[in-house]
């Protein structure tokens, strides 16, 4: 598959989209430091165009989960803003267990899951899902198993590119954009 | 239209320039996190060259408004520094209503408005304005309706590029730069 | 002049190097926001390789001044770290007056000054100096008067590139690097 | 040597990897500023993919040390998160002394050391080590002595690229990745 299309049959099966955080919803950067009183600060850079893509998935009837292998307040803040209730941060990247429980709870099968990933902490989950998407900046072992790769980098529109491609393949993109713009055209 | 010129007739009609924030005055990035006491922090990255462009528009007799579809203290801080009094932040991107009121209040018609936009939250307004400008990093549905696209990305000089192009098309750029430099040459 | 060499005669005359801040010592980005208690925060991104370049100028016997057209605590912090005592921040970019006083106080003539600039707030000073250097991301009116343009962007090594080129043209670069490394080779 | 391979004989000798911070574990950027109460803040941007590379080195039985020529709380925070106990920050870049003591304490010879470097503060140490690696954004005098140069910039995957290349040359990369993924595949 190219970055330009996802087969309709694969796309239509998807019920749940799992997003990694560092390298996917961000460009893998983490801003660390302290203020003058020695209190540590940590920031991550998220992308507003990506955020709208995530919302479009949910308007298209898809479930979205954020699953990170590192704990950071930034991730929880961003998930809350996007309205993503399933936000899981697993220290040391033990992601499979939490995803298995999530699928059980949601009644979703592995081939109904899409994941957007960038690195080997994602591999245990990525290998099992029905649609394996990776970002332009993914590492080699992850690219090797991918069905689809974005042309844009994580944190720089890769997630939006995936959302657009997935909704396009499901035949939903134009309708969602039209409804969104129509709603904002009411005064 | 290319990124290099705006027709003089279109440019001369403009009385008000509306700027989006995320993706236009910024590169769509938002820096989120917490300090050690759990207080959340949010930063946006603005561009100083863009800021001078905004001021040049105002020196050229144009009105400038900032209209964002997301609420952030960063936007208000930046608008204040630039001297842009019309700074509107509409949660959930309901921008049309506020812009209609603004036009009424200012006595400005739709074809006297230019807008710089990047994404579908801008479309309801963008479609109505006389000069539809979009940034290099705009999404497809927005590029499709554009009259003019910058070569530079939002937050990386796109707004300055637009300001220069608009003032050039109005025949005002050289005069404004000369007056600015002359004023700073007094000692 | 190309980005690769500065004429020895011009370089040898230089006694004082004036550096702009936004767009020169930074990539023109300014990070703005608030913490949860509504206290505003402003950060700028400086470059460590640039910083060493500034120190090399001073080791080479040159005076260095930072002259900004905008007031920011970040600039003062960075100047202090670099050991640059002449750090002037002039609101609304009235730079010429402060530079004239500086030259008088130092007993330096205009043709003994080099400046690294990016935008029209620098022009009143830039036009008068002996060596007019601009960064890759400089705006058109500034590029037009330049003697030398860096290949690297402001905040991304442009200042270091200038420092290396100036010291090279003066025949001092190799000696300064060698002495620096030799000093760090003592145990 | 190219960016793609490190000779097995050189790689197999390595027992200790020394990483510089600014320009190597970061893109040389330092974010400086103040909050509204005048308390200074300093942040650095680290890369999560790099961080996993550092951990992979340690899983591969290699010692890792971070040696910076500038003191910053950000560096200490990042070292702690990565589990790198040997984190040394030497004001004014006097690195050789601390590295000599480190080698003595660890019982490691110079030709058993690899270093990833970007600028002349690294040279006194870099010249002595068995494997001299530099990042894409390294300065000329450092590139001149390098055995290996990454294609990626510091803070943007350069360290991960080095870690992958070193472990590949030692014949350990595939095994470490497989074990990591296998461990995360247990539920």
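Protein chains in written order, with the working numbering: chain A, 669 to 855; chain B, 669 to 855; chain C, 669 to 855; chain D, 669 to 855. Using N, Cα and C, we set each Cβ at its ideal position, and we do this for glycine too.
Would a check of beta-carbon distances place residue 698/D closer than 9 Å to chain C?
Chain C, which has a Cβ nearer than 9 Å to the Cβ of residue 698/D, makes this yes.
Is the region 775-784 of chain C touching the region 752-763 of chain C, taking contact as three or more C-beta pairs under 8 Å?
No: the two stretches stay apart, fewer than three of their Cβ pairs being nearer than 8 Å.
For a contact defined as C-beta to C-beta under 7 Å, what are the partners of residue 717/A on chain B?
Those are 691, 696, 787 and 807, listed as they occur along chain B.
Is DSSP giving residue 713/D helix, strand or coil here?
It is a strand residue.
Kindly indicate which residue of 729/B, 717/B, 789/B and 679/B has the alpha-carbon position closest to the one of residue 805/C.
Of 729/B, 717/B, 789/B and 679/B, the residue nearest in Cα terms is 717/B.
Output, in chain order, the set of chain C residues within a Cβ distance shorter than 8 Å of residue 710/B.
Simply 701 and 702.
Just to confirm my understanding: we take residue 683/D, look at its own chain, exclude 5 residues before and 5 after, and list those with CB closer than 8 Å. What are they?
Same-chain partners within the cutoff: 730, 731, 774, 776, 780 and 781.
What do you get for residue 701/A, buried or exposed, if any count of 16 or more other CB atoms within 10 angstroms of its CB means buried?
Answer is buried; the Cβ neighbour count reaches 16.
For a test of the three-state rule: what should DSSP assign to residue 787/C, helix, strand or coil?
DSSP places residue 787/C in coil when its eight states are reduced to three.
Determine the closest residue to residue 768/A out of 788/A, 794/A and 689/A, with distance taken between C-alpha atoms.
Nearest option by C-alpha distance: 794/A.
Could you please tell me which residues of the region 732-764 of chain A, in chain order, have their CB closer than 9 Å to any CB of chain D?
If the cut-off is 9 Å between Cβ atoms, the region 732-764 of chain A has 737, 738, 760, 761, 762, 763 and 764 near chain D.
Taking its Cβ as the centre, do 16 or more other Cβ atoms sit within 10 Å of residue 670/C, making it buried, or is it exposed?
Unreliable placement is indicated for residue 670/C, whose pLDDT of 45 sits below 50; no coordinate value is reported for it.
Please work out which residues of its chain come closer than 6 Å, Cβ to Cβ, to residue 699/D, disregarding the five sequence neighbours upstream and downstream, and give them in chain order.
Cβ neighbours of residue 699/D beyond the five flanking positions: 711.
Going by beta carbon distance, what residues of the same chain come within less than 7 Å of residue 851/A, once the five residues before and after it are set aside?
If we look at residue 851/A and ignore the five residues flanking it on each side, it has no Cβ neighbours.
If we cut at 9 Å on Cβ distances, does residue 772/D have a partner in chain C?
No, its Cβ sits nowhere closer than 9 Å to a Cβ of chain C.
What is the residue span of the beta strand (DSSP E) that residue 735/B lies within?
Element bounds for residue 735/B: 731-736.
Per DSSP, what kind of secondary structure is residue 763/D in: helix, strand or coil?
Helix, per DSSP.
Apart from the five residues just before and just after residue 688/D, which ones in its own chain have a Cβ nearer than 7 Å to its Cβ?
Same-chain partners within the cutoff: 735, 736, 784, 785, 786 and 790.
Which residue wins for smallest C-alpha separation from residue 813/A, given the options 799/A, 703/A, 728/A and 715/A?
Considering only alpha carbons, the answer is 799/A.
Let me know the secondary structure DSSP gives residue 719/B once reduced to three states.
If DSSP states are grouped into helix, strand and coil, residue 719/B belongs with the helices.
Report the three-state DSSP secondary structure of residue 684/A (helix, strand or coil).
In this structure, residue 684/A counts as strand in the three-state DSSP scheme.
Does the CB of residue 669/C have a neighbour CB from chain B at under 9 Å?
Residue confidence is low: residue 669/C scores 39 on pLDDT, short of 50, so the model does not pin down where it sits. Its coordinate-derived value is still stated next. Not closer than 9 Å to any Cβ of chain B, the Cβ of residue 669/C fails to qualify, so no.
Can you grab the Cα-Cα spacing for the pair residue 724/C / residue 708/D, in whole Å?
Their Cα atoms are separated by approximately 26 Å.
How long is the line joining the alpha carbons of residue 677/C and residue 727/C, rounded to whole angstroms?
Rounded to whole angstroms, residue 677/C to residue 727/C spans 20 Å at the Cα level.
Measuring only the C-alpha atoms, how far is residue 744/C from residue 675/A?
C-alpha separation (whole angstroms): 56 Å.
Less than 9 Å between CB atoms is the rule here; does residue 853/A satisfy it with respect to chain F?
Chain labels in this structure do not include chain F; the protein chains are A, B, C and D.
Is the beta carbon of residue 823/D less than 9 Å from the beta carbon of residue 697/D?
For residue 823/D and residue 697/D, yes; Cβs fall inside 9 Å.
DSSP state of residue 768/D, grouped into three classes?
Of the three classes helix, strand and coil, the one that applies to residue 768/D here is helix, per DSSP.
Beta-carbon of residue 720/A versus every beta-carbon of chain B: anything under 9 Å?
It does; some Cβ of chain B falls within 9 Å.
Determine the contact status of residue 816/D and residue 792/D, defining contact as a CB-CB distance below 9 Å.
No; because the gap between Cβ atoms is not below 9 Å, this pair is not in contact.
On the three-state DSSP scale, how would you describe residue 702/C?
DSSP places residue 702/C in strand when its eight states are reduced to three.
Counting contacts by CB-CB distance shorter than 9 Å, is residue 791/C in contact with chain B?
It does; some Cβ of chain B falls within 9 Å.
Is the Cβ of residue 714/B closer than 9 Å to any Cβ of chain C?
Cβ-Cβ to chain C under 9 Å: yes for residue 714/B.
Taking only beta-carbon atoms, is residue 706/B less than 9 Å away from chain A?
For residue 706/B, the answer is yes, since a Cβ of chain A falls inside 9 Å of its Cβ.
Hey, how far is the Cα of residue 770/A from the Cα of residue 763/A?
Going by the C-alpha atoms only, they are around 11 Å apart.
Please report whether the beta-carbon of residue 840/A lies at a distance below 9 Å from any beta-carbon of chain B.
Judged by the 9 Å Cβ criterion, residue 840/A is not in contact with chain B.
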